[in-house]
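Asker: Residue numbers (the numbering used here), protein chains in the order written: chain A, 1 to 112; chain B, 1 to 116. We put the CB at the ideal spot given by N, CA and C, even for glycine.
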Amino acid sequence: GQNIDQPTEMTATEGAIVQINCTYQTSGFNGLFWYQQHAGEAPTFLSYNVLDGLEEKGRFSSFLSRSKGYSYLLLKELQMKDSASYLCALTDRGSTLGRLYFGRGTQLTVWP
Amino acid sequence: GAGVSQSPRYKVAKRGQDVALRCDPISGHVSLFWYQQALGQGPEFLTYFQNEAQLDKSGLPSDRFFAERPEGSVSTLKIQRTQQEDSAVYLCASSRQGSGVSGELFFGEGSRLTVL
Numbered sequence: 001g002q003n004i005d006q007p008t009e010m011t012a013t014e015g016a017i018v019q020i021n022c023t024y025q026t027s028g029f030n031g032l033f034w035y036q037q038h039a040g041e042a043p044t045f046l047s048y049n050v051l052d053g054l055e056e057k058g059r060f061s062s063f064l065s066r067s068k069g070y071s072y073l074l075l076k077e078l079q080m081k082d083s084a085s086y087l088c089a090l091t092d093r094g095s096t097l098g099r100l101y102f103g104r105g106t107q108l109t110v111w112p
Numbered sequence: 001g002a003g004v005s006q007s008p009r010y011k012v013a014k015r016g017q018d019v020a021l022r023c024d025p026i027s028g029h030v031s032l033f034w035y036q037q038a039l040g041q042g043p044e045f046l047t048y049f050q051n052e053a054q055l056d057k058s059g060l061p062s063d064r065f066f067a068e069r070p071e072g073s074v075s076t077l078k079i080q081r082t083q084q085e086d087s088a089v090y091l092c093a094s095s096r097q098g099s100g101v102s103g104e105l106f107f108g109e110g111s112r113l114t115v116l
């Protein structure tokens, strides 16, 4: 099966930079997603990595190393509205196309 | 509609009752997924439809759980004889195609089920 690990909680201050790490173990890695989920709301798509390297999208960047089974989400210029749970998820070649395997999420709190 | 719509948003059931949760996906989306999210956890896969065909139901925790999508659009997740461990948020998600390629999975806000 898939073994996805990410920290349970992180805190940071407004304007700072935070890196949320995700490690995984799977036999048929296909791609890695990051989703943001505010309390009581739907998860929303942030990024998708299938090849090694850094994908930058505004204040958010996501990095993938397939050989190390490692990804991180980098959030710059933190704002209060970035307080949310960040979910690392992957797809597996041996599973239903599009089926996502999620980590438990990292609850980020941004302080003023 | 503009997004994935789920109803009811909140449902309280007594143990042993049957419940039905509805999902209205984005128009034209072929793929539809149901996930279960317990408090403080990530979503766990329940079942997958491609149009009206249920291609994967390996995540359904017991035979008390049943899902259908008879016309390839609206889907219903039914839980029979609810138990306290069924308390969770049930998320529906749709995509134009399987998101394993590069497509996004669009989630609804979920139906929060509390079983007393």
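For the beta strand (DSSP E) that residue 17 (chain B) lies in, which residues bound it at each end?
Answerer: First-last for residue 17 (chain B): undefined, no H or E at that position.
Asker: Any C-beta of chain A within less than 9 angstroms: which residues of the region 27-50 of chain B qualify?
Answerer: 31, 33, 35, 37, 40, 41, 42, 43, 44, 45, 48, 50
Asker: Along chain B, which residues have their Cβ under 7 angstroms away from the Cβ of residue 41 (chain A)?
Answerer: 109
Asker: Check whether the Cβ atoms of residue 115 (chain B) and residue 13 (chain B) lie closer than 9 angstroms to each other.
Answerer: yes
Asker: Using only the alpha-carbon positions, how far apart do residue 9 (chain B) and residue 77 (chain B) sit?
Answerer: C-alpha separation (whole angstroms): 14 angstroms.
Asker: According to DSSP, is residue 63 (chain B) part of a helix, a strand, or is it coil?
Answerer: Three-state result, residue 63 (chain B): coil.
Asker: For residue 102 (chain A), count neighbouring Cβ atoms within 10 angstroms of its own Cβ and tell me buried if that reaches 16, exposed if not.
Answerer: buried
Asker: Distance, Cα to Cα, residue 40 (chain B) vs residue 51 (chain B)?
Answerer: 31 angstroms
Asker: When burial is assigned at 16 or more other CB atoms within 10 Å of the CB, is residue 20 (chain A) buried or exposed?
Answerer: buried
Asker: What residues in its chain sit with their C-beta under 6 angstroms from that of residue 100 (chain B), if we drop five residues either side in the sequence?
Answerer: Legend: pLDDT at residue 100 (chain B) = 44, less than 50; position of this residue unreliable, value from coordinates given subsequently. Taking residue 100 (chain B) as the centre and dropping the five residues before and after it, the same chain places no C-beta closer than 6 angstroms to its C-beta.
Asker: What are the partner residues of residue 36 (chain B), as DSSP defines its beta bridges?
Answerer: B:44, B:90.
Asker: Step through the CB atoms of chain A and report whether any lies within less than 9 angstroms of the CB of residue 12 (chain B).
Answerer: For residue 12 (chain B), the answer is no, since every Cβ of chain A falls outside 9 angstroms of its Cβ.
Asker: Answer yes or no: do residue 31 (chain B) and residue 94 (chain B) have a C-beta to C-beta separation smaller than 9 angstroms?
Answerer: yes
Asker: Using the DSSP secondary-structure output, state which residues sit across from residue 56 (chain A) in a beta bridge.
Answerer: A:61
Asker: Considering only their Cβ atoms, is the gap separating residue 78 (chain A) from residue 39 (chain A) smaller than 9 angstroms?
Answerer: no
Asker: Examine chain A for any beta-carbon lying closer than 9 angstroms to the beta-carbon of residue 102 (chain B), and answer yes or no.
Answerer: Reliability fails at residue 102 (chain B), whose pLDDT of 49 lies under 50, so the model's placement of it is uncertain and the value that follows must be treated cautiously. Yes, its Cβ sits closer than 9 angstroms to a Cβ of chain A.
Asker: Measuring alpha carbon to alpha carbon, tell me which of B:71, B:86, B:54, B:112 ends up nearest residue 24 (chain B).
Answerer: B:71
Asker: May I ask you to list the residues that DSSP assigns as paired with residue 5 (chain A)?
Answerer: A:23
Asker: Just the Cα atoms here: how many angstroms apart are residue 4 (chain B) and residue 80 (chain B)?
Answerer: One Cα belongs to residue 4 (chain B), the other to residue 80 (chain B), and the distance between them is close to 24 angstroms.
Asker: Could you tell me the alpha carbon to alpha carbon distance between residue 69 (chain A) and residue 32 (chain A), rounded to whole angstroms?
Answerer: 10 angstroms
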